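So the protein lines, in turn, are chains G and C. The opening position of the first sequence corresponds to residue 1 in our numbering, with each subsequent residue numbered one higher. The opening position of the second sequence corresponds to residue 283 in our numbering, with each subsequent residue numbered one higher. So the structure is just underneath, and the comments pick up after that.
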Amino acid sequence: MIISVASGKGGTGKTLVATSLALSLAYEQKPVQLLDCDVEEPNAHIFFKAQPVSERTVSLPVPKVNYEKCQYCGKCAEVCQFNAIALMKRTLVIFPDVCHSCGGCWHLCPTGALEPAAREVGTVSVSQTADLRLVSGRLKLGTHISPPVVKAVRETAERDYITIIDGPPGSSCPVMAAVTDTDYCLLVTEPTPFGLNDLALAVDMLRVLKIPCGVVINRDMPGNQIIDRFCAENGINILLRIPFQTEIARAYAKGIPLVDSDKIWRDKFYNLYHQISGEVSQ
Amino acid sequence: MKELTIISGKGGTGKTSILGSFATLSGNSVICDCDVDAANLHLLLHPDIKEKKPFYGGKRAEISPELCSQCGTCEELCRFAAIKDSVVNKYACEGCGLCYQVCPSGAVQLIDHLSGYCYLSETQWGPMVHAKLGIAEGNSGLLVNLVRKKAREIAKERNIPLIISDGPPGIGCPVISSLAGTDMALIVTEPTHSGIHDMERVIRVASGFGCLTAVCINKYDLDEENCRRIEDAANKLGVPVIGRIPYDPVMHQSVINGVPATLLEPGEAQRSIRQVWDQVTVLLGVC
Ligand code: SF4
Ligand code: SF4
Ligand code: SF4
Ligand code: SF4
C-alpha cells in the first residue's frame with residue numbers, strides 16, 4: 001500500500017500528518033517507510049533521530065561537446081526546444097541548468113560530436129530509526145528540475161513495506177511525480193479560503209491522475225464549514241480533524257511529532273490508516 | 283522603479299498575508315502574485331479582472347494516425363516515456379521535439395500548448411498582475427517571467443515607483459524566476475526546526491542574485507529558542523532580521539475573512555507589520 005500526502009500548498013501540516021501516520025504504524029510494529037519527496041525542502045528527518053544507512057547521487061545526462069568532431073553546423077542548437085545550446089561564431093555554449101536531458105542534440109548531431117555526460121541534480125539518502133525506514137531526497141542547490149529526484153526517491157522504496165509519501169507543495173510537476181501510481185492520496189488542508197483554493201486545485205489534479213483521495217483538516221475550528229461544504233459537494237470523505245491549538249503548533253515548532261506529543265493521536269492516526277485501507281480495498 | 287519580492291523557502295509561513303498588508307500600507311505599488319501554481323493573494327485583495335491573456339508555455343507532440351506507420355522509433359527514443367502505441371500522453375510529454383525530428387513519415391506535429399492564463403486586474407490599492415497555471419503544468423518559471431514583465435510595463439506606464447511580488451514557495455525554477463533582477467528579497471520565516479533550515483537554504487539562493495536580503499520572523503513567540511537560532515543563523519550569513527511578528531489569531535482571522543490584517547482591528551501584529559514595512563521602504567529608498 002502506498003499512501004501519498006499532498007496539500008496543494010506548503011505549510012498546511014502535510015509533514016505533520018505524514019510523520020504521525022508513519023509513526024502510528026511503526027508503533028504497531030508494522031513494516032513502514034516514509035519517503036520524503038519534498039526534495040526542495042526535505043524536513044521529515046527533523047522529526048526523527050535516524051541513523052544514516054546509505055546515500056547516492058541522482059544524475060541526469062546533459063550534452064558534452066567533443067570540439068575535435070564538431071563542425072559548427074548548428075543542428076543541435078536548432079533542435080533544442082529549451083534554448084539550452086547556443087552556437088556563437090565558432091563556440092558551442094551549453095546551459096546545463098535549462099537542459100531537460102531529452103537527448104535530442106546528441107541523437108541528431110550529424111558528426112557524433114555530442115555525448116551525454118552525467119550531471120548531479122540531487123541526492124537520495126536512506127536512514128533508519130528504531131521504528132521506521134526513512135528515504136529522503138534532496139535537490140542540489142542551484143538546480144531546479146526536481147521530478148527526477150522525486151522519482152529516484154520512489155525507486156529507493158522497499159516493496160513489501162507500507163509506504164507513506166510526504167509530497168512537495170503545489171500541484172505542478174514535482175507533485176505529479178510524487179503522487180502518480182500511489183493507491184491513495186491524503187489531502188491536508190485548513191479551513192480558510194486559502195486552504196479551500198489550494199484543496200480544489202489538488203482535487204482537480206488527482207481527478208486527472210485517477211487517484212482516490214480523502215481530506216485531513218488541520219487547524220480546525222468549530223463552526224467553520226468551508227471545507228465540509230466543498231467535500232460534501234464533491235463526494236470526498238473527511239477522515240481526520242486536527243484542532244487549532246497553540247500547544248500543537250508549539251510541539252511541531254520543537255520538532256516533536258504529533259503522535260509523540262499526545263498519545264491519543266496514535267490511535268487516531270492508526271485508525272486513519274484503517275479507514276484508508278478500507279476505502280482502497282473497496 | 284524598485285522591486286520587492288517576498289519569499290519563504292516554504293509555504294505557510296504567512297508570506298501572502300504579510301504581502302497583502304504591505305499592499306494596503308503602500309497604496310501605490312504594482313502588486314504581483316508570482317505563486318502561479320497556487321495563487322492566493324487574490325483571496326485577500328479581491329482584484330477586479332480587466333484583462334485575461336492565454337499563456338503558451340511550450341509545445342506538445344501530436345501524432346496523426348493516418349500518417350503514422352507504427353514503426354515505433356518515437357516511442358523508443360522518447361526519454362520521458364510519453365509515447366505508447368503511437369499515442370502521446372500530453373501530461374508526460376515535455377515538448378522536446380525529438381519524436382518530430384526522427385519520425386520517418388512526418389506523422390508528428392508540435393503544437394503550441396495552452397498552459398495557463400495571465401491576468402491584469404485592479405485592486406483598491408493599485409494594479410495587480412497574477413496568473414493561473416493549468417492542472418499538472420510545468421513551465422511555471424516562464425509564466426512567472428511573463429507576470430513580472432507585465433508588472434514592470436505597468437509600473438513604467440503609470441509611473442508607479444514600487445512593485446511588490448509574492449514569490450512561490452521552495453527554491454525551484456519559479457523562485458529563481460521571481461528573484462532575477464529584483465532589488466530586495468524579504469524572507470519570511472517561522473521559528474520551527476524546519477523554518478531555520480528553509481531560511482538558510484533560501485538565503486543561499488537569494489545571495490546568488492546580489493539583491494538586498496532581509497529576514498522577518500513570523501509567529502516569533504511560538505518558540506523563543508528557535509527564534510534566537512534563526513537570528514544567529516541569519517547573522518552568520520550576514521542577513522539582517524528586520525522584524526518579528528507575534529503569533530496572533532488576528533492573522534488567522536484575516537485569512538478566514540479574506541481581508542488584509544491591516545484593515546482589521548489594530549493590535550500588536552499589525553504594529554509589527556507596519557514596522558517591517560517601514561524598514562523595507564528605508565532599505566529600498568522608496569519612502
Ligand atoms: S550538431 Fe554536432 S556538429 Fe553540429 S554544431 Fe552541434 S555539436 Fe557541432
Ligand atoms: S538534451 Fe535536449 S534539452 Fe538538453 S541540450 Fe540537448 S536538446 Fe537541449
Ligand atoms: S516531444 Fe519529446 S517528450 Fe514529447 S513525445 Fe516527443 S519525444 Fe517525447
Ligand atoms: S516515428 Fe512516426 S511513424 Fe514511427 S511510430 Fe512514431 S509517429 Fe509513427
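All C-beta atoms in this analysis are idealised placements derived from N, C-alpha and C, irrespective of residue type, glycine included. This structure is a prediction, so every number in the text was calculated from the model and none was measured.
Would you mind telling me which residues of chain C sit closer than 7 Å to leucine 250 (chain G), beta carbon to beta carbon, in chain order?
In the sequence on display, residue 250 (chain G) carries arginine and not leucine. Those are Leu504, Asp505, listed as they occur along chain C.
For the stretch 187-208 of chain G, which residues have a beta carbon sitting closer than 7 Å to at least one beta carbon of chain C?
Thr192, Pro193, Phe194, Asn197, Asp198, Leu201, Asp204, Met205, Val208
CA-to-CA distance, asparagine 322 (chain C) to aspartate 267 (chain G), given in whole angstroms:
35 Å
I want to verify the contact list: residues of chain G whose CB lies under 9 Å from the CB of aspartate 537 (chain C), in sequence order.
Per the sequence shown, residue 537 (chain C) should be read as valine rather than aspartate. Near valine 537 (chain C) (Cβ distances below 9 Å), the residues of chain G are Glu190, Thr192, Pro193, Phe194, Gly195.
For proline 63 (chain G), verify whether its CB is less than 8 Å away from any heavy atom of ligand 2.
yes
Let me know if threonine 474 (chain C) comes out buried or exposed under the rule of 16 or more other beta-carbons within 10 Å of its beta-carbon.
buried
Among G:Ala177, G:Leu196, G:Cys213, G:Glu190, which has the Cα closest to the Cα of aspartate 183 (chain G)?
G:Cys213
Could you confirm whether any beta carbon from chain G is found closer than 9 Å to the beta carbon of asparagine 594 (chain C)?
Residue 594 (chain C) cannot be examined here, being either before or after the span of chain C that is shown, 283 to 569.
Does the distance from the CB of cysteine 316 (chain C) to the CB of proline 456 (chain C) come in under 9 Å?
yes
Would you mind stating whether proline 63 (chain G) and cysteine 99 (chain G) have Cβ atoms separated by less than 9 Å?
yes
Within chain G, the residues that glycine 520 (chain C) reaches when beta carbons sit closer than 8 Å
Chain G residues near glycine 520 (chain C): none, gap ~17 Å exceeds 8 Å.
Determine, using beta carbons only, whether valine 17 (chain G) and asparagine 197 (chain G) come nearer to each other than 9 Å.
no
How about lysine 287 (chain G): is its Cβ closer than 8 Å to a heavy atom in ligand 1?
In this structure chain G extends from 1 to 282, so residue 287 (chain G) is not present and cannot be described.
Reference proline 96 (chain G), options G:Gly112, G:Leu240, G:Ala118, G:Pro243, closest by Cα
G:Ala118
Tell me whether cysteine 99 (chain G), by its Cβ, gets closer than 8 Å to a heavy atom of ligand 3.
no
Pick out whichever of G:Pro61, G:Pro191, G:Gly112, G:Gly104 has its Cα sitting closest to the Cα of glutamate 68 (chain G).
G:Gly112
With a threshold of 8 Å (Cβ to nearest heavy atom), would isoleucine 145 (chain G) be considered close to ligand 2?
no
Assuming proline 528 (chain C) and alanine 551 (chain C) make a contact with CB atoms under 8 Å, what is their CB distance in whole Å?
6 Å
Say the cut is 8 Å; is the CB of leucine 392 (chain C) nearer than that to a heavy atom of ligand 4?
no
Those residues which DSSP pairs with glycine 567 (chain C) across a bridge
In the DSSP output, where bridge partners are listed per residue, glycine 567 (chain C) has none listed.
Where do the N-terminal and C-terminal ends of the beta strand (DSSP E) with methionine 88 (chain G) fall, by residue?
85-88
Report, in whole angstroms, the separation of the C-beta atoms of asparagine 199 (chain G) and leucine 187 (chain G), which I expect to be a contact under 8 Å.
Sequence check: residue 199 (chain G) is leucine here, not asparagine. Yes, leucine 199 (chain G) and leucine 187 (chain G) are in contact; Cβ-Cβ is about 6 Å, under 8 Å.
Return yes when the Cβ of aspartate 181 (chain G) is within less than 9 Å of the Cβ of isoleucine 2 (chain G), no when it is not.
yes
To which residues does DSSP link arginine 511 (chain C) through a beta bridge?
Beta-bridge pairing links arginine 511 (chain C) to no other residue.
Just to confirm, are isoleucine 524 (chain C) and cysteine 493 (chain C) a CB contact at a threshold of 9 Å?
no
Mapping DSSP to helix, strand and coil, what is histidine 412 (chain C)?
strand
Closest Cα partner of glutamate 472 (chain C) within the set C:Glu285, C:Tyr502, C:Pro347:
C:Tyr502
For glutamine 406 (chain C), would you say it is in contact with chain G, using Cβ-to-Cβ distances shorter than 9 Å as the test?
no
Verify the contact flag: phenylalanine 82 (chain G), CB atom, against every heavy atom of ligand 2, threshold strictly below 8 Å.
yes
Report yes or no: is there a C-beta of chain C within less than 9 Å of the C-beta of phenylalanine 82 (chain G)?
yes
Within 10 angstroms of its Cβ, does tyrosine 273 (chain G) collect 16 or more other Cβ (buried), or is it exposed?
buried
Chain G contact residues for arginine 486 (chain C), given Cβ-Cβ distances below 8 Å:
Leu141
For glutamine 561 (chain C), which residues in the same chain have their Cβ closer than 6 Å to its Cβ, ignoring the five residues on either side in sequence?
Ile524
Along the chain, where does the alpha helix (DSSP H) containing glutamate 78 (chain G) start, and where does it finish?
75-79
If we require 3 or more residues per run, which beta strand (DSSP E) segments fall completely within the stretch 87-167 of chain G?
91-94, 114-128, 133-139, 162-166
Taking phenylalanine 337 (chain C) as part of the beta strand (DSSP E), name the residues at either end of that continuous run.
330-345
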